[in-house]
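Protein chains in written order, with our numbering: chain A, 36 to 989; chain B, 897 to 1313; chain C, 290 to 379; chain D, 198 to 373.
We put the beta carbon where it would ideally sit given N, CA and C, even for glycine.
Note that the structure is predicted; figures quoted are calculated from it, not measured.
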Amino acid sequence: MSGFRLADGGRIDRRTKRNFTFDGKAQWGYAGDSLASALLAQGQMLFGRSFKYHRPRGILGAGVEEPNALVTVDRGPGRRTPNLRAPSVALHDGLVATSQNRFPTLKTDLIAVNNVFSAFFPAGFYNKTFMWPRAAWEKVYEPIIRRLAGLGDSPTTRDPDHYDATYAHCETLVVGAGPAGIAAALEAAASGGRVILIDEQEEIGGGALSDPAQWAWLGEATAKLAAMDHVTILPRTTAIGHYHQNFVVAAERLTDHLSVDEAEGAREKLWRIRAGEVVLAMGAIERPLVFEGNDVPGVMLASAARTFALRYGVAVGRKVVVMAVHDSGWRDALALHKAGVNIAAIVDLRRDIAPELVEAAREARIACHPGYAVTAVAGSQAVKGATIALAGVGKVQKLDCDAVLMAGGWTPTVHLWSHAKGSLRWDDNWGAFLPDKTHENLRCVGACAGAWDFGKGLAGGLLPAPKPLHESKAFVDFQNDVKARDIGLAVQEGFRSIEHIKRYTTNGMATDQGKTSNLNGLQIASGVLHRPVTEIGLTTFRPPYTPQSFGAILGHHKEALFQPLRKTVIDDWAEAQGAVYENVAQWRRARYFPKGSEDMDAAVARECRTVRSAVGVFDASTLGKIEVVGPDAAEFLNRMYTNPWKSLEPGRCRYGLLLGEHGFIIDDGVSARLAPDRFHLTTTTGGAARVLNMMEDYLQTEWSDLDVWLTSTTEQWAVIAVQGPKARRVIEPLVEGIDLSPEAFPHMSVREGKICGVDTRLFRVSFTGELGFEVNVPAEHGRMVWEAIWAEGEKHGAAAYGTETMHVLRAEKGFIIVGQDTDGTVTPDDAGLGWAVGKKKPDFVGKRSLARPDIVAPGRKQLVGLLTDDPQLVLEEGAQIVADPNQPVPMTMIGHVTSSYHSATLGRSIAMALVAGGRDRMGETLHIPMPDRTISAKVVTPMFYDAEGSRLNG
Amino acid sequence: MKRFSGFNLIGEAFRSHQGWPEHWPDKAPKASYDAIIVGAGGHGLGAAYYLAKKYGITNVAVIEKGWLGGGNTGRNTTIIRSNYLYDESAHLYDHAVKLWDGLSQDLNYNIMYSKRGVLMLAHNVHDVQSFKRHIHANRLNGVDNEWLTPEECKAYCPPLDISPRTRHPVLGGALQRRGGTARHDSVAWGYARAASALGVDIIQNCAVTGIRRGADGAVEGVETERGYIACRRVGVSAAGSTSLVMKMAGLDFPLESYPLQALVSEPVKPIFPCVVMSNTVHAYMSQSDKGELVIGAGTDQYTSYSQRGAFHIVEHTLAAICEIFPIFTRMRMLRTWGGIVDVTPDRSPILGKTPVKGLYVNCGWGTGGFKATPGAGDLLAYTMAHDEPHKINAPYNLDRFRNGRLIDEAAAAAVAH
Amino acid sequence: MLLIHCPYCEEARPEVEFVYGGEAHIARPVDPSTYSDEQWEEFLYIRSNPRGRHHERWRHTHGCGRFFNAVRDTVTDVFETTYKAGEARK
Amino acid sequence: MVEIAEVAVSAAELKLGAGPVAGAGVTLSHAGPPARYSLRARDAKVLSDVIGRALPGKIGDQTDGVICLGPDEFYAILPEGTVLPRGEGLAVSVTDVSSRALGLVLEGPAAISVLASGCPLDLASMKVGRATRTVFETVEIVVWRESEERWHVEVWRSFATWLWNAFVAAMPGAHG
């Protein structure tokens, strides 16, 4: 034996050395090692510091149950990962690992002073103090507690890695590739269905990896499965949760086991698997025993020592004592002995032990101490001996040893079963919960089903001790520093439900989520309360089974692919012109087109003036569009919208106002009747999908007798608004087959024809108050037609304008923007749109709600215009309005500013506002209190420009 | 009740803490009470406490079907703020925030109210308009809320990515400095302990199975798993189970119960100093004193009592978190869980009297009930003590669904264009 | 993610193709103007919200596009059945 | 100290690729610009008579480029320039949506794996010739299995850039 590395054995590749560092110190191991096994082989016993008391801690387990040995692995800039379990970190060349939660070093941690004062920090201590003086909690106590808490350090820059994701389907999903899982996979594969076999470890085999006798079989079975096309084997893949109807989510680690140079492609991959049947073969996790000194580095699970020796060829000590209450401890001791580990003694609380085990131990010349319990462990940073006592309280012996192994029985891993809402039943023999019933096509096999022979043993983990419980320093949850006596204290303080005990003590709430502590905590609470375990309950298992990176879970949805950004076919042109954008729903829209050094105000003023004096061109493609077709189309629209539609002539347009059934405005738009049975509807940009879904709902479920169909045509048409006195002159040369004269083509009408040689639906509509057209062309021609219009427009001094100018121009005319001047609580009358409600219509969506008492009551907020006394002052949108500016806070607010701009056309500011009883306040002066001053403004009709509408005709 | 203090903690340390009594004694139900609260969450326990403390009614029982604080009180992301738009909401939530301040001392229980600030991010022009509207309304209502530029947002919360090249650039934020978090379990335990000390019986593992009404229709008492209890004043504060309890009294309610998920990361050293909410990206996060990143996920689309949500909700939540805080992709999700939230048509609570005399209700808090805990408890207690709502909760009546006077904060932030 | 049997497609499909549509069998009155404020409130807002069997609407929005009804247990989230819109309550 | 590196490519900078992109076992390319129609009818026979074509009988079936998407809904992907009669006055809806979508084609043994990276359907069980509306992550698509290894994906125009890039991102991890 060199160091702690056994002379032979294990699945490591002794010809391939791996160099790495731990806390800056050069170390080495072999290919196939874990970080834990490589460090143990070098004699490293101290791996980390506990959460609360900063006690020195070593390795407890060899797998994901490890609570103590948490490390940070740094793979270069942006690639630092905290809180990884050393036994689950595969060793590779160049691995850089550091210990955590210590100051300044792992060996000399000054914060371990907490341990000295641990008596002052029992469970729930923070509830009892830090309350005086009142301000000190946030200013003094909390910052200190926060700095002391936490484990590793968060990354501090963008992660350069990317992550993959997929959906997968199979007839049988097997979770866990130990012997039971492999057998289940072979059986399922034989039936010909698709099989996915996943396992969290570096290679499949599970417990068999720690049992050389099974390696030959394991090799054959693995090869057989690998050869089958319909079987997918996924090692390094953790099933993180079971969701409804056998939807199992798993995360595959693709590159972390490779050196940085070898790593290529995605770091992790999310598997979203829908399975016909799920077979859980997740095994069982050994339980520690609860005794004084059970957290000294070198005290670990017997199964872990077995794995380190037989799988990694590492002895965890030179003189090892086994403390067992279970046969499996004896079996592991014998296997360790056979592998060359010096087992000094087996201590077992039981007196009645299977004779063949005792006989085998004798043959191996291992001292046996039946009826004894470990009552103390010497050493602080490593084991230096153990004290045992008969039945924990009687005759005392000291044992010379450098490691103590604990065999406290086994807890079946029923996490995914529990995620699936499968019920559990208590089993006295296992001293644990076993799977019972489920409504999913889900079954457990092997150890997690209770169908595995670990031998027999005692169920409780708390060993008898000479000290009373309240003086004991025996640990239950190692990471969170929960002692058996904390559980006693919780019960003493009236916490009886296991959920309360867990939350009060934090038992089971560490990063291992209680894999080794839940059952012991439950048993101790049961003992203190003198009530059976089943009456205290089991805390619910929640996904994930083990912690999983955010990256794996978000999959492709990172950075540029986070969410689609929708652009119109004219967007590229706007970008080339230097447009500044704003996001509206999923789209980006050009907000304004600055020239030279113009800021937004200057650009918008110029764009506005150009539209009013010449012509402007605007990309309106994002407006929602719905084609409504069928003999009952007009009847349907008549029922949906507030105003009448049946009388609308083909070729004409109408403004439509859509309410929810609650009577409030939810959308609007101008729509056209193209033919008796065909309408072209428009909606707001953000409302497109919502409106279509709402209309489908009414059509399919309320009025399914109507012969009418809805088709989204939002993306079929690019829409180019040409607005301004010269609009007609701009499009005239480009249009074929449509008489553009005012007589033949009046305001609010639509014609079909050609523009630039392609089909168009040409609307004569105006959201600016100017003569205007909206040119609809099939999207793939949108850019071409836009450029042709632009070229024509430039001859007439045109400007391209964006959404901001569109907003100003419509506000000058008092046109509302749904969502800005309305907010989901505004009725048509509130918005001054009473004219758009068909008085004679017997019904439309939302009509009944308009008759509710509060909707017809006086004093509702109504849309009005505001003109500030100082014409150059632009009110802030969202500013609140009061009648009496001198009242004390809280003030009575009577409304707010919904839209506010500087109008270049009018040379002054204008605003729209929702004001209580607003239409009865015309001419009144109201006040807008701002932080630094109060602004006065006069209530006016929300129509600031060309009230008679003469400009519509150019 | 043995007083909690640093002095007593040190004293107890020298006798292994054997002198601490039960937080609240386990009581068997009496034959009758002057008032019963159904549901031992923070709201219900708070109501019992204030009934005893402020309104002089001490013969009170809180009846809980499971363990106290085990519903949404123990399952939420503990965000506290009051920067709501409408007067009704601002007054309601600010009443609570005023009570949060000093609650630890009032209860003699450190509930760890941490005024670390709640920052709500604006990602588009509409958000900016909406947040400014909130800020102005809050100012005139005496509620603190201030506008921060993107750079100020970044200074307040360094993990924030304010690059204009992100999918949803940060255009600014609204910060309520008095907003923050508190320790959820401690709130329930603190109220239970303090109420218990004033004579309130806390009865766990005792489901209500019926509400008995007299010939005049008024409440006479409640049937429970542990027998009938006479009582003429019953306050129901049962969150997701409110519909079921109300049905026992013959009332149908405008409520639906949805699954809501939340999750935490593994603990790390302090990196995230405040609470950040982004409605546009759908991300809500803070860091607990323990070091875990505490993240609110969305509700599932369908009603359910399963306390179990779908995974794609978690996918979208973490994608959103990493979009605005890109340093966290290598952080690891430690635990997810689900709660049942009861949602009204206007997503504002119902807090007041019901059509049944002697039956009072506090429900419909949706995803935002924790922040209101002390206020909701106090107002339910006031309403039960006076058989009239306080002026703060008077607007939160059931009539509003009939007359149309809804209090729809979410609609006020509606997006269209 | 639920797996939902669409009665039109006659196939079980993933939840992300569907949009939930609230409680089923709440018909809009033929003439809402005849409804009292109480009746209208009930139509708009009152929901059964049961713990157990729930009749609800779904739309296979990203599939066949159809609204249909389902009976689902709100405690287990298990679907008992799904059926076409217009069919009698099951 | 937090210092957040700028994102390499932003969502706004994503480009819709022009030509085929080849990966291991899969090629992504654009389908030609066909004529597209959304076809609706209460009685499929009436619709069939209007457009003069046979219609597939069941949801998910496809006949000569006409896909049955729903009980009264068909989606036709026809040769460029095809013009269908509108059937005015009849209980049908014939709507030209040629420009609404773009067609992307994934071809090769690993094509199915690229598609499965974001599409939750059991694509392996989808028979050749069948087609359906579904989603790729959050984006609605129509998937048509044209042959064993050729998948035609229809997506609304403004989502095509995102989808193209999502497919490209999934190619290195795809397998045949």
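(request) Consult DSSP for I338 of chain D and reduce its assignment to one of helix, strand or coil. (result) The sequence position of residue 338 of chain D within the fourth sequence is 141, counting from 1. I338 of chain D: strand per DSSP, three-state reduction.
(message) If contacts are defined as beta-carbon pairs under 8 Å, then G837 of chain A and R626 of chain A qualify, I think. What distance do you get, rounded to the angstrom?
(response) Numbered from its first residue, the first sequence carries residue 837 of chain A at position 802. Numbered from its first residue, the first sequence carries residue 626 of chain A at position 591. Confirmed, about 5 Å.
(request) Could you tell me if S37 of chain A is buried or exposed, where buried requires 16 or more neighbouring beta carbons within 10 angstroms of its beta carbon? (result) Mapped onto the first sequence, residue 37 of chain A falls at position 2. Any reading at S37 of chain A is ruled out, since the residue's pLDDT is 46, under 50, leaving its predicted position unreliable.
(request) Measuring only between beta-carbons, confirm whether R899 of chain B sits less than 7 Å from chain C. (result) Here residue 899 of chain B corresponds to residue number 3 of the second sequence, with the count starting at 1. Answer no: the Cβ-Cβ gap between R899 of chain B and chain C never drops below 7 Å.
(message) Cutting at 6 Å between CB atoms, please list the residues of its own chain near A710 of chain A, excluding the five before and the five after it.
(response) Position 675 of the first sequence, counted from the start, is the residue given in the question as residue 710 of chain A. Answer for A710 of chain A: P685, listed in chain order.
(message) Can you tell me which residues form a DSSP beta bridge with D512 of chain A?
(response) Walking along the first sequence from the start, residue 512 of chain A turns up at place 477. Its beta-bridge partners are A:V517.
(request) Confirm, please, whether the CB-CB distance from K1186 of chain B to A184 of chain A is below 7 Å. (result) The residue you call residue 184 of chain A lines up with position 149 of the first sequence. The residue you call residue 1186 of chain B lines up with position 290 of the second sequence. Contact flag set, yes.
(request) Indicate whether V563 of chain A and G590 of chain A have their beta-carbon atoms separated by less than 7 Å. (result) The residue you call residue 563 of chain A lines up with position 528 of the first sequence. The residue you call residue 590 of chain A lines up with position 555 of the first sequence. No, Cβ-Cβ distance for V563 of chain A and G590 of chain A is not below 7 Å.
(message) Any C-beta of chain D within less than 7 Å: which residues of the region 604–625 of chain A qualify?
(response) R623
(request) Going by CA-CA distance only, name the one from A:T448, A:W452, A:L451 and A:H404 that's closest to Q432 of chain A. (result) Translated into the one-based positions of the first sequence, residue 432 of chain A becomes position 397. Answer by Cα proximity: A:H404.
(message) Just to confirm, is the Cβ distance from H919 of chain B to W1085 of chain B under 7 Å?
(response) Taking the second sequence and counting its residues from 1, one reaches residue 919 of chain B at position 23. Taking the second sequence and counting its residues from 1, one reaches residue 1085 of chain B at position 189. Yes, these two residues count as a Cβ contact at 7 Å.
(message) Measuring only the C-alpha atoms, how far is H831 of chain A from V243 of chain D?
(response) In the first sequence, the residue the question calls residue 831 of chain A occupies position 796. In the fourth sequence, the residue the question calls residue 243 of chain D occupies position 46. Approximately 51 Å, taken between the alpha carbons.
(message) Helix, strand or coil, according to DSSP, for E771 of chain A in the structure here?
(response) Counted from its first residue, the first sequence places residue 771 of chain A at position 736. Note: E771 of chain A maps to strand in three-state DSSP.
(message) Starting from R90 of chain A, trace the alpha helix (DSSP H) in both directions and tell me its first and last residue.
(response) Residue numbering aside, residue 90 of chain A sits at position 55 when the first sequence is read from its first letter. That residue, R90 of chain A, is in no alpha helix (DSSP H); it is neither H nor E in DSSP.
(message) Taking the alpha-carbon of T279 of chain D as reference, which of D:G286, D:T292 and D:A288 has the nearest alpha-carbon?
(response) Taking the fourth sequence and counting its residues from 1, one reaches residue 279 of chain D at position 82. Among D:G286, D:T292 and D:A288, the Cα nearest to that of T279 of chain D is on D:T292.
(message) Just to make sure I have the definition right: I need the residues of chain D whose C-beta is within less than 7 Å of the C-beta of Q751 of chain A. Which are they?
(response) One-based indexing of the first sequence puts residue 751 of chain A at position 716. Within chain D, the residues near Q751 of chain A are V294, S296 and R297.
(request) Quick one: which unbroken alpha helix (DSSP H) runs of 4-plus residues sit fully inside the region 245–327 of chain A? Chain order, please. (result) 250–261
(message) I need the DSSP call for N673 of chain A, collapsed to helix, strand or coil.
(response) In the first sequence, residue 673 of chain A corresponds to position 638, counting from 1. Three-state result, N673 of chain A: helix.
(request) Compare the C-alpha of A946 of chain A against each of A:P964, A:A972, A:L434 and A:I231 and name the closest. (result) For the purposes of this step, residue 946 of chain A is identified with residue 911 of the first sequence, where counting begins at 1. Closest option to A946 of chain A, Cα to Cα, is A:A972.
(request) With DSSP as the reference, label F357 of chain C as helix, strand or coil. (result) To locate residue 357 of chain C, count along the third sequence from 1; it is residue 68. It is a strand residue.
(request) Buried or exposed for N988 of chain A, please, with buried defined as at least 16 other CB atoms from any protein chain shown within 10 angstroms of its CB. (result) Counting from one through the first sequence, the residue named residue 988 of chain A turns up at place 953. So N988 of chain A counts as exposed.
(request) Note down, in chain order, all residues in the region 1197–1231 of chain B with a beta-carbon under 9 Å from any beta-carbon belonging to chain C. (result) Q1197, Y1198, T1199, S1200, Y1201, S1202, R1204, A1206, F1207 and H1208
(message) Measuring straight from C-alpha to C-alpha, what distance separates V1239 of chain B and P1245 of chain B?
(response) Against the second sequence, residue 1239 of chain B aligns to sequence position 343. Against the second sequence, residue 1245 of chain B aligns to sequence position 349. Straight-line Cα distance between these residues: approximately 8 Å.
(request) Taking L291 of chain C as part of the beta strand (DSSP E), name the residues at either end of that continuous run. (result) Here residue 291 of chain C refers to the residue found at position 2 of the third sequence. Careful: L291 of chain C lies outside any beta strand (DSSP E) and carries neither H nor E.
(message) Which of the three DSSP states is assigned to W963 of chain B in this structure?
(response) Residue mapping note: residue 963 of chain B aligns to position 67 of the second sequence, counting from 1. W963 of chain B: coil per DSSP, three-state reduction.
(request) Sort out for me which residues DSSP pairs K1249 of chain B with in a bridge. (result) Translated into the one-based positions of the second sequence, residue 1249 of chain B becomes position 353. DSSP output for K1249 of chain B lists B:Y1256 as bridge partner(s).
(request) Taking only beta-carbon positions, decide if F356 of chain C is within less than 7 Å of chain A. (result) Translated into the one-based positions of the third sequence, residue 356 of chain C becomes position 67. Taking Cβ atoms only, chain A reaches closer than 7 Å to F356 of chain C, which makes this a yes.
(message) Quick check on DSSP: helix, strand or coil for P1270 of chain B?
(response) As a position in the second sequence, residue 1270 of chain B is number 374, starting the count at 1. DSSP places P1270 of chain B in helix when its eight states are reduced to three.
(message) Here's the rule I'm using: 16 or more other beta-carbon atoms within 10 Å means buried, otherwise exposed. How should R92 of chain A be labelled?
(response) The residue given as residue 92 of chain A occupies position 57 in the first sequence. Under this definition R92 of chain A is a buried residue.
(request) Identify the continuous alpha helix (DSSP H) that holds F585 of chain A and give its terminal residues. (result) For the purposes of this step, residue 585 of chain A is taken as residue 550 along the first sequence, with counting starting at 1. Segment F585 to L589, the alpha helix (DSSP H) holding F585 of chain A.
(message) If I follow the unbroken alpha helix (DSSP H) through V365 of chain D, where does it start and stop?
(response) Walking along the fourth sequence from the start, residue 365 of chain D turns up at place 168. Segment A357 to A367, the alpha helix (DSSP H) holding V365 of chain D.
(request) Residues of the region 1054–1071 of chain B with a CB closer than 8 Å to any CB of chain D: list them in chain order, please. (result) P1054, P1055, D1057, S1059, R1061, T1062 and R1063
(message) Taking CB distances under 7 Å as the criterion, tell me whether T363 of chain C reaches chain D.
(response) The count along the third sequence starts at 1 and reaches residue 363 of chain C at position 74. So no, T363 of chain C is outside the interface.
(request) Indicate whether V924 of chain A and H962 of chain A have their beta-carbon atoms separated by less than 7 Å. (result) Looking up residue 924 of chain A in the first sequence gives position 889. Looking up residue 962 of chain A in the first sequence gives position 927. Taking 7 Å as the Cβ cut-off, V924 of chain A and H962 of chain A do not qualify as a contacting pair.
(message) Could you compute how far the alpha carbon of E1121 of chain B sits from the alpha carbon of V364 of chain C?
(response) Position 225 of the second sequence, counting from 1, holds the residue named residue 1121 of chain B. Position 75 of the third sequence, counting from 1, holds the residue named residue 364 of chain C. Straight-line Cα distance between these residues: approximately 20 Å.
(request) Return the bridge partner residues of S1010 of chain B from the DSSP annotation. (result) Position 114 of the second sequence holds residue 1010 of chain B. S1010 of chain B is bridged to B:T1077.
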